[in-house]
Amino acid sequence: MKLSFAPLALVASLALALAACGHGGAAPSDASATPAAGGSQHGDFGAPQGEPIHATLTSPPHVPPPIHRDKPAKVIVELEVIEKELPISEGVTYTFWTFGGTVPGSFIRVRQGDTVEFHLKNAPDSKMPHNIDLHGVTGPGGGAASSFTAPGHESQFTFKALNQGIYVYHCATAPVGMHIANGMYGLILVEPPEGMPKVDHEYYVMQGDFYTTGKYREKGLQPFDMEKAIDEKPTYVLFNGKEGSLTGDNALTAKTNETVRLFVGNGGPNLVSSFHVIGEIFDSVQPEGGTVAQHNVQTTLIPAGGAAIVEFHTDVPGSYVLVDHSIFRAFNKGALGILKVDGPENKLVYSGKEVDSVYLGDRSEPNLKAVTAAAKAHAAGTLTKDEQIAAGKQLFTGTCSVCHQASGEGLPNVFPPLAKSDFLAADPKRAMNIVTHGLTGKIKVNGKEYDSVMPPMAQLTDDEVANILTYVLNSWGNPGGQYSKEEVAKARATPASPAPAGEH
Ligand SMILES: [Cu+2]
Numbered sequence: 002m003k004l005s006f007a008p009l010a011l012v013a014s015l016a017l018a019l020a021a022c023g024h025g026g027a028a029p030s031d032a033s034a035t036p037a038a039g040g041s042q043h044g045d046f047g048a049p050q051g052e053p054i055h056a057t058l059t060s061p062p063h064v065p066p067p068i069h070r071d072k073p074a075k076v077i078v079e080l081e082v083i084e085k086e087l088p089i090s091e092g093v094t095y096t097f098w099t100f101g102g103t104v105p106g107s108f109i110r111v112r113q114g115d116t117v118e119f120h121l122k123n124a125p126d127s128k129m130p131h132n133i134d135l136h137g138v139t140g141p142g143g144g145a146a147s148s149f150t151a152p153g154h155e156s157q158f159t160f161k162a163l164n165q166g167i168y169v170y171h172c173a174t175a176p177v178g179m180h181i182a183n184g185m186y187g188l189i190l191v192e193p194p195e196g197m198p199k200v201d202h203e204y205y206v207m208q209g210d211f212y213t214t215g216k217y218r219e220k221g222l223q224p225f226d227m228e229k230a231i232d233e234k235p236t237y238v239l240f241n242g243k244e245g246s247l248t249g250d251n252a253l254t255a256k257t258n259e260t261v262r263l264f265v266g267n268g269g270p271n272l273v274s275s276f277h278v279i280g281e282i283f284d285s286v287q288p289e290g291g292t293v294a295q296h297n298v299q300t301t302l303i304p305a306g307g308a309a310i311v312e313f314h315t316d317v318p319g320s321y322v323l324v325d326h327s328i329f330r331a332f333n334k335g336a337l338g339i340l341k342v343d344g345p346e347n348k349l350v351y352s353g354k355e356v357d358s359v360y361l362g363d364r365s366e367p368n369l370k371a372v373t374a375a376a377k378a379h380a381a382g383t384l385t386k387d388e389q390i391a392a393g394k395q396l397f398t399g400t401c402s403v404c405h406q407a408s409g410e411g412l413p414n415v416f417p418p419l420a421k422s423d424f425l426a427a428d429p430k431r432a433m434n435i436v437t438h439g440l441t442g443k444i445k446v447n448g449k450e451y452d453s454v455m456p457p458m459a460q461l462t463d464d465e466v467a468n469i470l471t472y473v474l475n476s477w478g479n480p481g482g483q484y485s486k487e488e489v490a491k492a493r494a495t496p497a498s499p500a501p502a503g504e505h
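The numbering of the sequence shown is my numbering, which starts it at 2 and goes up by one.
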């Protein structure tokens, strides 16, 4: 990737033009304006009082504790930009540029009227200069012009948080789109002076779209793809910078009969989010991070470079699924998270069948630990058949199960069964060729004819195919056996064999 840098002045003016987030023309209002009247919440509460406070920053999905303070203070924020390689999906890594080491960046929480002394550091091993534009700042570029920071340097600027609300911050260094696409965004909450109503849980969720040269889930370190970014065709759409950041062991949690507040941001750079939680109704939403709340909302639109505060009450236990309801993004690009609610059933509210098996099948728990374990064992030369089966089972789910079903039974007339398949048993080696090259044409499985298309599962590596097929061969009454990575590599290199029409 070749980069050209605009001169500093150009960078700053570009940032200026981009950060059109001021409060142009609004008449200065007094601090006593009430939200009920829909009035401006713009207000300066005077000089900071007491000793300066060091802000507590948190990484997603955590939110710093509420501020219980009735006076404005001077708050010192120290944020470090770190460029680092992190997983973006299972077996896939990406060189993210981060505010504080995570995507999205550290959550910042201050009180309206606070004077914020902002320190932006750029780690010495960074390759790029960076800056920060906070949408919660009143001033040119939202701080961008004052915070341009070369690797190994630190910038400082001070602003007064005049407006309450939840605001996006992001890097605005050219090429701006690329810095944002690499994960350079986060949220800053400016609490109203009286604080926010108490809730049981607060979480930090932020969507972003990502552009890699490889396909979705193509393994290895994936470089940024500028073409795809310009065309607005993301490879991944994610919550909190990684597929699975909010599923399985990482799911958000709550108990029944609790209140949950989500601070939901959208870093973009391109897509608008139709944020929805499957199985919940938002009791309250502050759309666009504004002061007036809406009630009884199903899906809220979160613009790129925008945020919302979403609140709901948990009534019934189960897995609630956070999605971008542009639904291919959820099931095929990663924009999916889980809120796991534990507690007693309430059959009066809901009869009790779980939603996630209907919708998600497997995607709610991509617990891929066994896959990682198998990859390690393979590297160490100690891979056992049991490890292969365990890893294969997890990979089968979400890959093959979409068509052949988790039970291996397939679907009548459409997808042939893998369970007790006589076609498979007749020539187990052929399966490696089928998975790597796909299969078309007439075949007969357990006495029934199928004439359909299985696409090649090209996203799978040789050892993943070996593990999946070892799992298949040792499940559902199939004859057993084992495949090796080397055998799969050979099958992949061999041209596809046509379906043996009329066989059996
Ligand atoms: Cu940057």
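For glycine and all other residues, C-beta sits at the position ideal for the given N, C-alpha and C.
This structure is a prediction, so every number in the text was calculated from the model and none was measured.
CB of His131 to nearest heavy atom of ligand 1: below 8 Å?
-> For the purposes of this step, residue 131 is taken as residue 130 along the sequence shown, with counting starting at 1. Taken from the Cβ of His131, at least one heavy atom of ligand 1 lies inside 8 Å.
Would you kindly report the start and end of the unbroken alpha helix (DSSP H) that includes His379?
-> Residue 379 sits at position 378 when you count from the first residue of the sequence shown. Annotation: the continuous alpha helix (DSSP H) that includes His379 extends over 370 to 381.
For Val138, I'd like the list of residues in its chain whose CB is within less than 6 Å of its CB, leaving aside the five on either flank, ordered along the chain.
-> Here residue 138 refers to the residue found at position 137 of the sequence shown. Excluding residues within five positions, the ones whose Cβ falls inside 6 Å are Gly144, Phe160.
Just the C-alpha distance for Ile167 and Ala182, rounded to the nearest angstrom, thanks.
-> Taking the first residue of the sequence shown as position 1, residue 167 is located at position 166. Taking the first residue of the sequence shown as position 1, residue 182 is located at position 181. Distance between the alpha carbons of Ile167 and Ala182 is about 21 Å.
Whole alpha helix (DSSP H) runs in the segment 112 to 190 with 4 or more residues, listed along the chain?
-> Within the segment 112 to 190, the complete alpha helix (DSSP H) segments of 4 residues or longer fall at 177 to 182, listed in chain order.
What are the complete beta strand (DSSP E) segments, minimum 3 residues, inside the segment 244 to 300?
-> You should have 253 to 256, 260 to 269, 274 to 279, 283 to 287, 295 to 298.
Taking 8 Å as the cut-off, is the CB of Cys404 close to at least one heavy atom of ligand 1?
-> Position 403 of the sequence shown holds residue 404. The answer is no for Cys404.
Same chain only: Cβ atoms within 6 Å of Gly102, ignoring 5 sequence neighbours per side = As a position in the sequence shown, residue 102 is number 101, starting the count at 1. A distance below 6 Å between beta-carbons, with the five flanking residues on each side excluded, links Gly102 to the following residues of its chain, in chain order: Ile83.
Could you tell me the distance, in whole angstroms, from the CA atom of Phe424 to the CA atom of Tyr451?
-> One-based indexing of the sequence shown puts residue 424 at position 423. One-based indexing of the sequence shown puts residue 451 at position 450. Tyr451 has its alpha-carbon roughly 11 Å from the corresponding atom of Phe424.
So what does DSSP say about Ala392, is it helix, strand or coil?
-> Residue numbering aside, residue 392 sits at position 391 when the sequence shown is read from its first letter. DSSP places Ala392 in helix when its eight states are reduced to three.
Asp31 versus Glu281: straight-line alpha-carbon distance, rounded | Numbered from 1 along the sequence shown, position 30 holds the residue referred to as residue 31. Numbered from 1 along the sequence shown, position 280 holds the residue referred to as residue 281. Low local confidence applies: a pLDDT of 39 at Asp31 is under 50, so the model's placement there is unreliable, with the coordinate-based value given in what follows. Approximately 38 Å between the Cα atoms of the pair.
Excluding the 5 residues preceding and the 5 following Val135 in the sequence, name in chain order all residues of the same chain whose CB lies nearer than 6 Å to its CB.
-> Working through the sequence shown from its first residue, we reach residue 135 at position 134. Position check: residue 135 holds Leu in this sequence, whereas Val was assumed. In the same chain as Leu135, and ignoring 5 residues on each side of it, the C-beta atoms closer than 6 Å to its own belong to Gly143, Gly144, Tyr170, Ile189, in chain order.
Starting from the Cα of Thr150, find the closest Cα among Cys172, Val117, Ala162, Tyr237 and give me that residue.
-> The residue given as residue 150 occupies position 149 in the sequence shown. That would be Cys172, whose Cα lies nearest to the Cα of Thr150.
Should Phe240 and Ala308 be called a contact, given that it needs their Cβ atoms to be closer than 9 Å?
-> Position 239 of the sequence shown, counted from the start, is the residue given in the question as residue 240. Position 307 of the sequence shown, counted from the start, is the residue given in the question as residue 308. The Cβ-Cβ distance between Phe240 and Ala308 does not fall below 9 Å.
Using only alpha-carbon positions, find the residue among Asp71, Val64, Ser274 that is nearest to Pro49.
-> Against the sequence shown, residue 49 aligns to sequence position 48. When only C-alpha atoms are compared, the closest one is Asp71.
Looking at Trp98 and ligand 1, is the gap between the Cβ and the nearest heavy atom below 8 Å?
-> Translated into positions along the sequence shown, residue 98 becomes position 97. Yes, since a heavy atom of ligand 1 falls inside the 8 Å radius drawn around the Cβ of Trp98.
Any contact of the segment 262 to 277 with the segment 317 to 331, i.e. 3+ C-beta pairs under 8 Å?
-> Taking 8 Å as the limit for Cβ pairs, the verdict is that the segment 317 to 331 does touch the segment 262 to 277.
Just to confirm, are Val76 and Pro53 a CB contact at a threshold of 9 Å?
-> As a working note, residue 76 is residue 75 in the sequence shown. As a working note, residue 53 is residue 52 in the sequence shown. Taking 9 Å as the Cβ cut-off, Val76 and Pro53 qualify as a contacting pair.
Which first and last residues belong to the beta strand (DSSP E) in which Ser327 is found?
-> Counting from 1 along the sequence shown, the entry for residue 327 is found at position 326. In the DSSP assignment, Ser327 falls outside any beta strand (DSSP E), carrying neither H nor E.
Could you tell me the distance, in whole angstroms, from the CA atom of Tyr95 to the CA atom of Thr214?
-> Here residue 95 corresponds to residue number 94 of the sequence shown, with the count starting at 1. Here residue 214 corresponds to residue number 213 of the sequence shown, with the count starting at 1. Their backbone Cα atoms lie some 11 Å apart in a straight line.
Who are Glu84's beta bridge partners in DSSP?
-> As a position in the sequence shown, residue 84 is number 83, starting the count at 1. Bridge partners of Glu84: Trp98.
Would you call the CB atoms of Val466 and Val489 closer than 9 Å?
-> Translated into the one-based positions of the sequence shown, residue 466 becomes position 465. Translated into the one-based positions of the sequence shown, residue 489 becomes position 488. Cβ distance < 9 Å, so Val466 and Val489 count as in contact.
How many angstroms separate the CA atom of Gly290 from the CA atom of Pro270?
-> Counted from its first residue, the sequence shown places residue 290 at position 289. Counted from its first residue, the sequence shown places residue 270 at position 269. Rounded to whole angstroms, the separation of the alpha carbons of Pro270 and Gly290 is 18 Å.
Is Trp477 closer than 9 Å to Gly409 when the C-beta atoms are compared?
-> Numbered from 1 along the sequence shown, position 408 holds the residue referred to as residue 409. Numbered from 1 along the sequence shown, position 476 holds the residue referred to as residue 477. Remark: C-beta atoms of Gly409 and Trp477 approach each other more closely than 9 Å.
Heavy atom of ligand 1 within 8 Å of Thr373 beta-carbon = Along the sequence shown, read from residue 1 onward, the residue named residue 373 stands at position 372. Of the heavy atoms belonging to ligand 1, none sits nearer than 8 Å to the Cβ of Thr373.
With distances taken Cα to Cα, identify the nearest neighbour of His296 among Val317, Asp284, Pro345.
-> By 1-based counting over the sequence shown, the position of residue 296 is 295. The shortest Cα separation from His296 among Val317, Asp284, Pro345 belongs to Asp284.
For the alpha helix (DSSP H) holding His438, just list the boundary residues, first then last.
-> Walking along the sequence shown from the start, residue 438 turns up at place 437. Boundaries of the alpha helix (DSSP H) around His438: 431 to 438.
With a threshold of 8 Å, establish whether the CB of Thr174 neighbours any heavy atom of ligand 1.
-> What you label residue 174 is simply residue 173 of the sequence shown in a count that begins at 1. Under cutoff, so the answer is yes.
Excluding five sequence neighbours on each side, which residues of the same chain lie with their C-beta closer than 7 Å to the C-beta of Pro288?
-> Here residue 288 refers to the residue found at position 287 when the sequence shown is read from its first residue. Closer than 7 Å at Cβ, skipping near neighbours: Gln295, Thr301, Ala309.
Whole angstroms is fine: what's the gap from Ala10's alpha carbon to Pro318's?
-> As a position in the sequence shown, residue 10 is number 9, starting the count at 1. As a position in the sequence shown, residue 318 is number 317, starting the count at 1. Here Ala10 scores only 39 on pLDDT, less than 50, and its place in the model should not be relied on; the value that follows carries that caveat. The straight-line gap from Cα to Cα measures roughly 55 Å.
Of the listed residues Leu121, Val206, Asn468, nearest to Thr385 (C-alpha basis) = Mapped onto the sequence shown, residue 385 falls at position 384. Closest by alpha carbon: Asn468.
For Thr257 versus Pro345, is the C-beta spacing smaller than 9 Å?
-> The residue you call residue 257 lines up with position 256 of the sequence shown. The residue you call residue 345 lines up with position 344 of the sequence shown. Yes, they are a contact pair.
How would you label Lys234, buried or exposed, when you count the other beta carbons within 10 angstroms and need 16 or more for buried?
-> As a working note, residue 234 is residue 233 in the sequence shown. The residue is exposed, with fewer than 16 neighbouring Cβ atoms inside 10 Å.
Could you tell me the distance, in whole angstroms, from the CA atom of Pro61 to the CA atom of Arg112?
-> Taking the first residue of the sequence shown as position 1, residue 61 is located at position 60. Taking the first residue of the sequence shown as position 1, residue 112 is located at position 111. Approximately 20 Å between the Cα atoms of the pair.
Count the C-beta pairs between the segment 202 to 212 and the segment 240 to 252 that are closer than 8 Å, then say yes if the count reaches three, no if not.
-> Counting Cβ pairs under 8 Å, three or more are found: they touch.
Just to confirm, does His180 get its C-beta within under 8 Å of one of the non-hydrogen atoms of ligand 3?
-> Ligand 3 is not part of the structure shown, which contains ligand 1 as its ligands.
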